[in-house]
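A.B. asks:
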Amino acid sequence: MNDPFLGLQNVSSFEVTSKDIVDGALSNVKFMSGDLGIEGGQDISPEISWSGAPNTTKSFVVTLYDPDAPTGSGFWHWAVLNISASVSELPQDAGNKSNSKLPSGAIQLPNDARVKKYIGAAPPKGHGVHHYFLTVWALDIDKVEIPEDSTPAFLGFNMFGHVLECGVLNFKVEVK
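Residue numbers for the sequence shown follow my numbering, beginning at 3 and rising by one.
1) May I have the straight-line CA-CA distance separating L136 from G158, to the nearest angstrom?
2) Helix, strand or coil: how does DSSP classify L92 here?
3) My understanding is that L171 touches I46, with C-beta atoms under 8 Å, so please give their C-beta distance in whole angstroms.
4) Excluding sequence positions up to five away, which residues of its chain have a Cβ less than 6 Å from the Cβ of D114?
5) Grouping DSSP H, G and I as helix and E and B as strand, with all else coil, what is G169?
6) Please report the straight-line C-alpha distance between V31 and V138, rounded to a whole angstrom.
7) Whole angstroms is fine: what's the gap from N160's alpha carbon to E147's?
8) Using the Cα positions of F62 and K119, report the straight-line distance between them to the nearest angstrom.
9) Just checking my contact of A140 with F16 at CB under 8 Å: how many whole Å lie between their CB atoms?
10) If you draw a straight line from the C-alpha of G163 to the C-alpha of P105, how long is it?
11) Return the first residue and the last residue of the beta strand (DSSP E) that A81 is part of.
12) Less than 9 Å between the beta carbons of P48 and D22, yes or no?
13) Would you identify the three-state DSSP class for K174, choosing helix, strand or coil?
14) So P154 and L111 are in contact, right, with Cβ under 8 Å, and what is the actual spacing, rounded?
15) Starting from A55, follow the beta strand (DSSP E) in both directions and report where the run begins and ends.
16) So the candidates are S90, G74, E150; which of them puts its Cα closest to the Cα of D5?
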């Protein structure tokens with residue numbers, strides 16, 4: 003497994019939980035990607051909540067990354083930035099295309115499929131186990147000032163040095 007945190011600043015962590023991710027696995031195929039060919043996949047983002055972030059947090063970023071994708075650079079499934087420090091959860095389907103369930107002021111970036119929404123897990127059939135990292139980043143800035151068509155990798159580059167702590171929820175998916 004590739005380490006998606008290699009080369010990033012080493013920071014403390016806080017708790018991230020989800021009613022839709024249980025024991026390191028998605029609770030339902032609807033959270034996987036129908037857009038990328040998974041039968042029954044609906045590209046619905048799981049509910050996610052967090053607690054214990056530093057009191058000095060000014061904003062949050064949420065990302066979903068698969069370092070095992072056969073691309074040479076992994077695959078960014080989701081990135082939401084400029085979430086107010088007063089927010090501590092995103093409801094199920096917050097990553098829909100309409101942005102209707104995102105907190106006010108939050109921005110959804112295009113993922114590696116270049117759509118501004120959540121794209122669910124979709125490892126290629128027979129490629130083995132893929133490890134997914136659903137990460138909540140607590141930042142010391144109110145906003146990450148980047149264009150709304152930026153890539154999640156560019157977001158990460160611009161967050162570097164502003165991360166106070168992060169919380170990670172891991173899950174695994176394999177399509178046989």
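A virtual CB, placed ideally from N, CA and C, is assigned to each residue, including glycine.
C.D. replies: On the basis of the coordinates in this document:
1) 14 Å
2) strand
3) Rounded, the Cβ-Cβ distance is 16 Å, inconsistent with contact.
4) F77, W78
5) strand
6) 23 Å
7) 8 Å
8) 17 Å
9) 7 Å
10) 24 Å
11) 77 to 86
12) yes
13) strand
14) 6 Å
15) Here A55 belongs to no beta strand (DSSP E), and DSSP marks it neither H nor E.
16) G74
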